[in-house]
Amino acid sequence: MPPQKTETPRYPKSHIMAASGIAAALSIFLLVIPTADVEARRTFVPLELESSPILETQPSVSEQLDALIGETITPLQVAEPVDAPVQAEASPAILQSLALAPPMSPEPAEATAAPPTDWISVTVAAGNTLSVLFSQLGFSAASLHSVVSSSKDAQRFTRLKVGQVVEFKKDDTGDLLAIRSKLNDLETIRLDRKGDTFAFTTESIKPDVRTRFANGEINSSLFLSAQKAGLSHNLTMQMANIFGYDVDFAREIRKGDSFEVLFEELHVGEKRVGTNNILAARFTNRGKIFTAVRYTDKNGNSSYYRADGTSMRKAFIRTPVELARISSRYNPNRRHPVLKTVRPHRGVDYAAVTGTPIRATGDGRVVHAGRKGGYGNTVVIKHGQKYQTLYAHMSRFAKGLNAGDNVSQGQVIGYVGTTGLSTGPHLHYEFLVNGTHVDPLNVKLPVSDPIPKAERTAFLEISNSLMAALDQQGSTQLASLAE
Ligand SMILES: [Zn+2]
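Be aware that the sequence shown starts at 2, since it is given in this note's numbering, and climbs by one per residue.
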């Protein structure tokens with residue numbers, strides 16, 4: 002196919018920006034709807050799972066929401082964000098416990114060991130700095146300097162918060178021996194004098210991981226009903242991400258949509274200190290049910306799959322026109338045949354007779370359907386937050402197709418033509434990942450692989466158990482509500 006002489010390789014900025022702004026827009030959408038009369042419930046599932054978990058961080062936005070909503074579930078108090086990727090692996094042993102674990106006994110009493118008498122405990126008041134505490138306790142400026150300069154970690158003791166408890170230990174002469182402070186339920190920092198300097202250590206507590214169930218029905222926004230159901234901001238965003246390819250949370254949520262979630266909750270003793278991964282979830286959007294199950298494969302990679310083992314994300318079909326011949330490939334260094342200058346070709350050309358149907362290569366939303374400079378009649382489709390495809394030089398669009406429409410993979414969106422700066426009938430097809438052009442023929446398409454055959458049995462065992470747990474929790478709850 003003759004190359005398009007002046008087809009612009011650039012991609013309109015507005016679309017790139019639109020793509021990158023979606024996450025923010027989603028958050029904002031989820032947060033700003035103040036009308037909330039949601040029906041949501043949360044129950045506790047007495048299940049134990051083993052994993053190496055993390056503390057969840059509570060974004061300030063959640064706190065704002067708490068204030069906004071007025072009534073909240075008990076917030077999880079976590080002072081310092083702890084970031085670490087987590088892998089929660091479900092194993093047959095876990096599934097046993099899913100089925101058999103006894104009800105949780107309500108024992109809120111916290112067994113705290115009596116503090117050692119030789120520690121002097123100080124609660125940080127407004128205006129207190131480490132320097133103020135040192136002088137109050139009679140420690141010298143030299144010892145303060147010695148502490149602060151002992152290590153970078155030691156400076157964590159200088160970032161005091163009102164209400165924080167800091168403990169000090171003196172030697173016989175009144176000099177500082179050690180300082181420690183519990184930052185949150187899982188972490189205590191400590192300094193011990195070693196000669197002229199101080200050694201920094203942290204003590205971490207590994208929390209128990211329990212499985213919890215939450216469900217809710219959406220009346221206005223996902224975020225509010227999720228809050229009411231006891232899901233943290235973190236878990237809500239996890240859910241939005243997990244189902245993000247199937248459900249447009251910004252625009253397609255309807256009153257009556259519902260969700261059920263099994264997730265990991267972290268405990269120290271009987272105290273809830275954070276949450277971890279969603280293990281399984283079901284989301285009903287406008288009557289359509291979507292499922293998700295977390296599975297960690299033999300290589301240790303965790304991912305979500307549909308309950309039947311198919312991928313959460315749909316593969317793109319490679320070719321938007323059937324029975325077409327590739328007439329020009331993606332080539333960032335293409336030399337223009339006439340101008341003899343480098344003129345990138347950022348798409349693939351498929352030569353086909355005028356009127357050949359062009360199909361959307363993936364599910365998505367049409368963000369442009371109209372003329373577009375040298376591209377002629379062009380359709381641009383956004384697929385989730387990361388991908389966009391572009392189809393140019395169409396003779397005409399599919400009947401009734403407009404920007405804003407949702408299209409399905411394989412749906413005809415238009416017909417081959419030669420509009421715009423084109424020298425003959427062909428489809429010019431572009432594929433963008435995070436706003437950057439990639440070769441449509443070589444792009445590694447989004448994680449779309451189903452469970453590998455070798456692991457299918459293991460997956461289905463886990464999936465069936467988790468889905469059964471969702472069912473059981475849901476019905477248990479209905480029964481208890483009816484009583
Ligand atoms: Zn082209």
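For every residue, glycine included, the Cβ atom is placed at its ideal position computed from N, Cα and C.
In this text, all values refer to a predicted model and were calculated from it rather than measured experimentally.
Reference residue i, options the options, closest by Cα
i       : options                            : result
Leu-187 : Ile-180, Asp-197, Ile-206, Gly-175 : Ile-206
Ala-455 : Ala-230, Phe-284, Gly-310, Leu-145 : Gly-310
Leu-223 : Lys-400, Phe-201, Phe-199, Phe-284 : Phe-284
Arg-372 : Gly-411, Gly-415, Asp-350          : Gly-415
Arg-287 : Ala-353, Glu-271, Asp-249          : Asp-249
Leu-471 : Val-294, Ile-121, Ala-143          : Val-294
Arg-366 : Arg-213, Val-349, Pro-345, Ala-404 : Ala-404
Gln-389 : Val-444, Thr-357, Gly-356          : Val-444
Gln-474 : Glu-462, Val-408, Phe-264          : Phe-264
Thr-292 : Asn-278, Asn-302, Gly-301, Met-313 : Met-313
Gln-165 : Ser-226, Thr-320, Glu-253, Leu-184 : Leu-184
Thr-203 : Asp-193, Lys-383, Lys-162, Asp-247 : Asp-193
Arg-181 : Ser-304, Ile-190, Asp-197          : Ile-190
Ile-359 : Gln-410, Gly-374, Phe-214          : Gln-410
Ala-308 : Asp-172, Ala-126, Arg-457, Lys-400 : Arg-457
Asp-119 : Thr-379, Leu-161, Ile-254, Lys-171 : Lys-171
Ala-325 : Val-408, Lys-341, Pro-426, Leu-467 : Pro-426
Ser-328 : Asn-334, Thr-297, Ser-303, Thr-424 : Thr-424
Gly-128 : Ser-304, Val-163, Val-210          : Val-163
Other residues of its chain near residue i: CB distance less than 7 Å, five sequence neighbours each side excluded
i       : result
Asn-465 : none
Val-149 : Ala-155, Gln-156, Thr-159
Asn-407 : Arg-366
Ala-179 : Lys-170, Arg-191, Leu-192, Asp-193, Arg-194
Beta strand (DSSP E) segment containing residue i, residue limits
i       : result
His-146 : That residue, His-146, is in no beta strand (DSSP E); its alpha helix (DSSP H) goes 142 to 149.
Ile-290 : 289 to 297
Asn-235 : Looking at the DSSP string, Asn-235 is not in any beta strand (DSSP E); the run it does join, the alpha helix (DSSP H), is 234 to 243.
Val-248 : Element bounds for Val-248: n/a, residue is neither H nor E.
Ser-132 : Premise fails: Ser-132 lies in the alpha helix (DSSP H), 131 to 138, not in any beta strand (DSSP E).
Pro-451 : That residue, Pro-451, is in no beta strand (DSSP E); it is neither H nor E in DSSP.
Leu-161 : Looking at the DSSP string, Leu-161 is not in any beta strand (DSSP E), and its letter there is neither H nor E.
Ser-259 : 259 to 269
Gly-371 : 365 to 372
Glu-218 : 209 to 218
Glu-431 : 427 to 434
Gln-410 : No beta strand (DSSP E) holds Gln-410; DSSP gives it neither H nor E.
Val-349 : 349 to 352
Beta-carbon proximity check, residue i vs residue j, cutoff 8 Å
i       : j       : result
Gly-217 : Ser-152 : no
Val-381 : His-394 : no
Leu-267 : Gly-257 : no
Leu-391 : Glu-431 : yes
Ala-282 : Val-322 : no
Val-123 : Val-167 : yes
Leu-145 : Phe-158 : no
Ile-452 : Tyr-351 : no
Met-240 : Ile-279 : yes
Gly-139 : Gly-196 : no
Pro-208 : Val-269 : yes
Ser-141 : Thr-198 : no
Three-state secondary structure assigned by DSSP to residue i
i       : result
Ser-329 : strand
Leu-178 : strand
Pro-60  : Unreliable positioning characterises Pro-60 in this predicted model, as indicated by a pLDDT of 35, which lies under 50. The coordinate reading is nonetheless provided below. Here Pro-60 sits in coil by DSSP.
Ile-190 : strand
Ser-122 : strand
Met-313 : coil
Gln-473 : helix
Leu-422 : coil
Asn-465 : helix
Arg-157 : helix
Glu-168 : strand
Thr-362 : coil
Thr-437 : strand
Closer than 8 Å to chain C by CB, residue i
i       : result
Arg-335 : Included in the structure is just one protein chain, with no chain C present.
Own chain, CB closer than 8 Å to residue i, minus 5 neighbours either side, in chain order
i       : result
Gly-348 : Tyr-331, Leu-391, Ala-393, His-429, Tyr-430, Glu-431, Phe-432, His-438, Pro-441
Gly-421 : Gln-5, Glu-8, Arg-372, Lys-373, Gly-374, Gly-375, Tyr-376, Gly-377, Asn-378, Thr-379, Ala-393, His-394
Gly-245 : Gly-385, Gln-386
Ala-110 : Note that Ala-110 scores a pLDDT of 37, beneath 50, so its modelled location is shaky; the value from the coordinates is reported in the next line. Excluding residues within five positions, the ones whose Cβ falls inside 8 Å are Glu-271.
Neighbourhood of residue i by C-beta, 6 Å cutoff - its chain only, sequence neighbours within 5 removed
i       : result
Glu-412 : Rather than Glu, the amino acid found at residue 412 in this sequence is Gln. Correct list, in chain order: Ala-361.
Phe-201 : Ser-152, Asp-154, Ala-155, Leu-192
Ser-396 : Thr-355, Tyr-416, Gly-418
Leu-487 : In the structure displayed, the chain extends from 2 to 484; residue 487 sits before or after that span and is not available.
Residue interval of the alpha helix (DSSP H) (run including residue i)
i       : result
Leu-225 : 223 to 229
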